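My numbering numbers the first residue of the sequence shown as 173 and each following residue consecutively. Step one of this worksheet: look at the structure below.
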Amino acid sequence: MTTSCPTLIARLLLFTVLAVPAIGVYGQIPEGSSARDIPTAVQRADEQVTKVIATAEDNFRKGKLNLEDNKRDQARADFDKAVDTILESGLDVRASQRLQGFYLELVERIYREEVPLSRAPVQANVSELVAQNTGAGTQKSDPPQIGFRDQKFEPSPLDELSKLVLTEDEKNVSTADVVALEQAKQNVNFGFTINPLIQQYINYYQGRGRSTMESGLRKSGRYMKLARQIFKEEGVPVDITWLGQVESAWQPKAMSWAAASGLWQFIPGTGRQYGLKQTAWIDERNSFEQSTRASARYLKALAAHYRGDWELAMGAYNTGQGNIDRGISRAGKANFWAIYPFIAQETRNYVPNILATILIAKNPEKYGFKGIRPEPPLAYDVVQVSNATSLQLVAESTDTSVDHIRSLNPELKREVTPRGEAYNVRVPGGKGKQFYAILKRIPAERRDSARVITVTPGENLQSVANRTGVSLAQLQAMNSGVDLSSASKLVVPNSGIRLASMNLRRAKPGAAEPANSGLTKIRARKGDTIARIAAARNLDATEVARLNGVTAQVELRAGQEVKLPATSGATPSRRR
């Protein structure tokens, strides 16, 4: 997780009075002694928590007042200061339930102030756009506001790292091991000091942490080529790209308890400082391109502050420059291993963990990781769309799933690209021209609702009109100049599309349409997903998911309305 210079960040900060045991001598204190009035360590810590919360709340109020006066830059500075007050307090935030609860609430409140409900994006809901052969448009409405805790994220591995305790076997390091590390260090393209702790983390990864390392070595292939290119361009040693494995396990949607997000775990304030846009539509902290560049620039700035010491720079990336500076002041020396006793446990684990990861990644077979093949780099084309474009349209135009389009564009927070602005959408490699050709047929204002269907051999526009409920004139207008004999895809205005057109089992040419293409509606129960509901009723999960505008595996709210095809006549075999 990262923080801004000179503030912001960390999960576990410097040791606090919470770590100091209370002195149990009250039985020895005479009655009436003033010593009885001395607060315990716990009391002092609670008082400090109260003070920190009050200061943070005061900064939040100032930010809110500045926001009301339309002083957005000053408001953001105040909001960031409110967060800084907690993360740079020297307190272990997670050791205090009250402080952690306040922090998470504060982040949510700041998010909702900066992206208020009145500015939430309009999102085309596929399930509401399915009409019954009316040809009428559907009125758009604002979706519910989505905050940090409502979004879907993967857990950050840093939350577990802070609690990692090495076993005695893992701590067993020989002189020969240290000598071997000195030799292996020569293959790394930046300087650092060998310490037995590095070998201890190698021991951990060779044992109970093996699956974590193997998974990281595989997943790294998706992003490593891009990351190395960007780090090289920014003047950062390319081997430091392995920091991404420790930060996020190469998950663009990784989220820590402190609202740090993305491959490189930026919190909101630091992300903004390094140019990562965060709006109701997108969060570029989750972009594997923009966030990687921001990470390289931030690391470079930290290294410059520490005169080229990359160990200190990595430590500051994790816990904040202020905390590392205080450690240096206490140690009297600007060296990571010198300040080691004066920094948070998470940061103590963090730097040797990264160094161990780098050494293993540089020569995996030497450390017992044989036959592990990195996944191929993500292959994609980039096409600029000028206005809100639904991911469903992008997926249908490029012969892929909405989930895959989401994975290529992890910064998107909605099922549609930003409204009223251009956006570079990533599509599967080799599909850029195909998508662009289809996109040109669709007016910009209809790209958030239009659909693309696949035409079966032998069909003509009239048969397509019959099965979709769209008039022949509408089809001709939206597909002008398209040679149906060679084109396999047609654009269909969603306002008139019938359920039959979304059925994956395409009707054979000349086949009669069902007399009733209506819908059945049910209410989801706790724990339900589209996949579970579809399986219980012998329905196609993909079709039902499209009908409801959600993915098949997302957990539904209890009581949420779910639309099902009524044409199948299927009955549930079992509810659970």
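From the three backbone atoms N, C-alpha and C, an ideal C-beta is built for every residue, glycine too. Here the structure is a predicted model, which means the values were calculated and not measured.
Alpha carbon to alpha carbon, how far is residue j from residue i? Give it in angstroms, no decimals.
i, j, result
"Gly-416", "Phe-403", "12 angstroms"
"Ser-573", "Tyr-512", "48 angstroms"
"Arg-545", "Glu-285", "45 angstroms"
"Ala-616", "Met-650", "12 angstroms"
"Pro-548", "Lys-603", "18 angstroms"
"Asn-632", "Leu-656", "7 angstroms"
"Asp-314", "Lys-735", "Here Asp-314 scores only 36 on pLDDT, less than 50, and its place in the model should not be relied on; the value that follows carries that caveat. Distance between the alpha carbons of Asp-314 and Lys-735: 20 angstroms."
"Arg-444", "Asn-710", "48 angstroms"
"Gly-504", "Ile-515", "14 angstroms"
"Phe-362", "Asp-481", "9 angstroms"
"Asn-559", "Ile-500", "50 angstroms"
"Trp-453", "Arg-591", "8 angstroms"
"Gly-434", "Leu-644", "46 angstroms"
"Ala-567", "Lys-425", "20 angstroms"
"Gln-462", "Tyr-275", "27 angstroms"
"Asp-245", "Phe-438", "19 angstroms"
"Ala-432", "Gln-606", "37 angstroms"
"Ala-551", "Asp-241", "46 angstroms"
"Lys-449", "Ala-348", "49 angstroms"
"Gln-648", "His-576", "31 angstroms"
"Leu-330", "Ser-428", "7 angstroms"
"Leu-728", "Lys-585", "18 angstroms"
Sorted by chain position, which residues of the same chain lie with C-beta nearer than 6 angstroms to residue i's C-beta, five sequence neighbours on each side aside?
i, result
"Asp-252", "Gly-441"
"Ala-531", "According to the sequence provided, residue 531 is Leu. The question's Ala does not apply to it. For Leu-531, where only same-chain residues beyond five positions count, the Cβ hits under 6 angstroms are Ala-356."
"Pro-178", "For Pro-178, the predicted model reports a pLDDT of 38, less than 50, meaning its position is unreliable; a value from the coordinates is still stated below. Excluding positions up to five away in sequence, the list reads Gln-493, Gly-494."
"Ala-399", "Thr-413, Thr-464"
"Gln-732", "Ala-696"
"Gln-556", "Ala-594, Asn-596"
"Thr-561", "Thr-589, Arg-619"
"Gln-646", "Pro-665"
With distances taken from CA atoms, which of the options is nearest residue i?
i, options, result
"Ala-226", "Met-385, Val-255, Thr-519, Ala-249", "Val-255"
"Arg-380", "Asp-341, Asn-231, Phe-362, Leu-719", "Asp-341"
"Ile-412", "Arg-469, Arg-244, Val-636", "Arg-469"
"Tyr-595", "Pro-329, Glu-229, Tyr-377, Ser-459", "Ser-459"
"Ile-614", "Leu-565, Thr-570, Tyr-446", "Leu-565"
"Tyr-375", "Leu-647, Ala-217, Thr-339", "The displayed chain sequence assigns Asn, not Tyr, to residue 375. Selected option, being the one with the closest Cα: Thr-339."
"Leu-527", "Thr-222, Tyr-446, Arg-457, Met-486", "Met-486"
"Ser-328", "Asp-264, Arg-244, Glu-419", "Glu-419"
"Pro-536", "Ser-387, Asp-230, Asn-231, Tyr-608", "Ser-387"
"Asp-250", "Asp-230, Ser-268, Ala-267, Gln-269", "Asp-230"
"Glu-583", "Gly-592, Arg-598, Pro-409, Asp-571", "Arg-598"
"Arg-718", "Arg-619, Arg-618, Glu-587, Val-627", "Glu-587"
"Val-654", "Glu-727, Ala-609, Ile-694", "Ala-609"
"Ala-730", "Glu-715, Ile-702, Val-716, Met-427", "Ile-702"
"Leu-336", "Ser-643, Thr-365, Arg-520", "Arg-520"
"Gln-215", "Glu-240, Ser-268, Ala-247, Leu-389", "Ser-268"
"Glu-332", "Lys-698, Asn-525, Ala-637", "Asn-525"
"Glu-715", "Trp-436, Leu-728, Pro-737, Tyr-373", "Pro-737"
Return the first residue and the last residue of the alpha helix (DSSP H) that residue i is part of.
i, result
"Asn-495", "493-503"
"Glu-342", "340-343"
"Lys-472", "462-477"
"Ile-402", "382-405"
"Thr-451", "Run containing Thr-451: none; DSSP gives neither H nor E here."
"Pro-600", "Element bounds for Pro-600: not the alpha helix (DSSP H) but the beta strand (DSSP E), 595-600."
"Val-351", "347-356"
"Phe-607", "604-611"
"Leu-584", "First-last for Leu-584: undefined, no H or E at that position."
What are the boundary residues of the beta strand (DSSP E) that includes residue i?
i, result
"Asn-666", "Where Asn-666 is concerned, there is no enclosing beta strand (DSSP E), given that its DSSP letter is neither H nor E."
"Gln-749", "With the chain covering only 173 through 748, there is no way to say anything about residue 749."
"Glu-568", "That residue, Glu-568, is in no beta strand (DSSP E); its alpha helix (DSSP H) goes 563-569."
"Val-654", "Run containing Val-654: none; DSSP gives neither H nor E here."
"Glu-733", "733-737"
"Arg-623", "623-626"
"Tyr-512", "Counting along the chain, Tyr-512 falls outside any beta strand (DSSP E), and DSSP gives it neither H nor E."
"Leu-691", "691-695"
Between residue i and the ligand SAM, is the CB less than 7 angstroms from at least one heavy atom?
i, result
"Glu-405", "This structure simply doesn't include the ligand SAM, nor any ligand for that matter."
Please work out which residues of its chain come closer than 8 angstroms, Cβ to Cβ, to residue i, disregarding the five sequence neighbours upstream and downstream, and give them in chain order.
i, result
"Ala-707", "Ala-713"
"Leu-122", "For the chain, the structure presents residues 173 to 748; residue 122 sits outside this window and is missing."
"Arg-281", "Phe-232"
Note down, in chain order, each residue of its chain lying with its Cβ closer than 7 angstroms to the Cβ of residue i, except the 5 sequence neighbours on either side.
i, result
"Val-523", "Glu-483, Met-486, Gly-487, Phe-508"
"Ser-392", "Gln-417, Trp-422, Pro-546"
"Asn-581", "Val-597, Arg-598"
"Met-385", "Tyr-377, Ile-532, Phe-541"
"Pro-368", "Val-345, Val-350"
* Below 8 angstroms, can you find three or more Cβ-Cβ pairs linking the segment 235-248 to the segment 259-270? -> no
* **Cβ contact check for the segment 615-624 and the segment 649-666: 3 or more pairs under 8 angstroms** => yes
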